[in-house]
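Chemist: Following the working numbering, the residues of the sequence shown are numbered contiguously, the last one being 112. We treat Cβ as the ideally placed atom computed from N, Cα and C, and that holds for glycine. Predicted model only: the values in this text are computed from it and were never measured. Got a structure for you, written out below as structure tokens; questions coming shortly.
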Amino acid sequence: MTGDLITFLRAQIIESRQHILELRKLTAEDQGLTEPWTPEGFDPVMVDLDAKQQIIDLHEPIEGEWGPVCAVCHTTGADGDRKGEYPCTTLRLLALPYADHPAYRQEWKP
Ligand SMILES: [Zn+2]
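Next up, the structure:
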């Protein structure tokens, strides 16, 4: 099921968030750093993850003429039927950085 791409992407974002939250708990000494440790340095990464989550939420599947289509990227024909591929190119591109992940499917490549 190509629809599993959304589940896969959400899992990667959750995992990344958890990793950052764990890193924020570490002290500079824990990491062997001699420079002051600023866990706020991860704030832009968290904002980036939040933005990706919002993009994923926008590109949820909706019912199309021949199956699920993207809520944003689908086209509507003169007959009113929704057409398009799912997952859409936007979701496929969001997943591309995880192409080396064991659960990534080659069929998701844009
Ligand atoms: Zn889309």
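#1: Which residues share a DSSP beta bridge with Cys72?
#2: Excluding the 5 residues flanking Arg84 on each side, which residues of the same chain have their C-beta closer than 8 Å to its C-beta?
#3: Here's the rule I'm using: 16 or more other beta-carbon atoms within 10 Å means buried, otherwise exposed. How should Leu98 be labelled?
#4: State yes or no: is the C-beta of Leu93 nearer than 8 Å to some heavy atom of ligand 1?
#5: Looking at the unbroken alpha helix (DSSP H) that takes in Phe10, where does it start and where does it end?
#6: State the CB to CB distance for the pair Leu7 and Leu93, rounded to an integer number of angstroms; the pair is presumed to be in contact (CB under 8 Å).
#7: Please confirm whether any heavy atom of ligand 1 lies closer than 8 Å to the CB of Val47.
#8: Is His61 close to ligand 1? I mean its beta-carbon at under 8 Å from any heavy atom of the ligand.
#9: Please work out which residues of its chain come closer than 6 Å, Cβ to Cβ, to Gln108, disregarding the five sequence neighbours upstream and downstream, and give them in chain order.
Modeler: Considering the structure as presented:
#1: Here Cys72 is bridged, per DSSP, to Pro63.
#2: Same-chain partners within the cutoff: Ile64, Glu65, Gly66, Glu67, Val71, His76, Thr77, Thr78.
#3: Its Cβ having fewer than 16 others within 10 Å, Leu98 is exposed.
#4: A distance criterion of 8 Å places the beta-carbon of Leu93 in contact range of ligand 1, judged by its closest non-hydrogen atom.
#5: For Phe10, the enclosing alpha helix (DSSP H) has its first and last residue at 6 to 27.
#6: Between the beta-carbon of Leu7 and that of Leu93 there is about 5 Å, and that keeps the pair under the 8 Å contact cut.
#7: No - ligand 1 has no heavy atom lying nearer than 8 Å to the Cβ of Val47.
#8: Look at His61: its beta carbon is less than 8 Å from one of the heavy atoms in ligand 1.
#9: Nothing listed; no residue qualifies.
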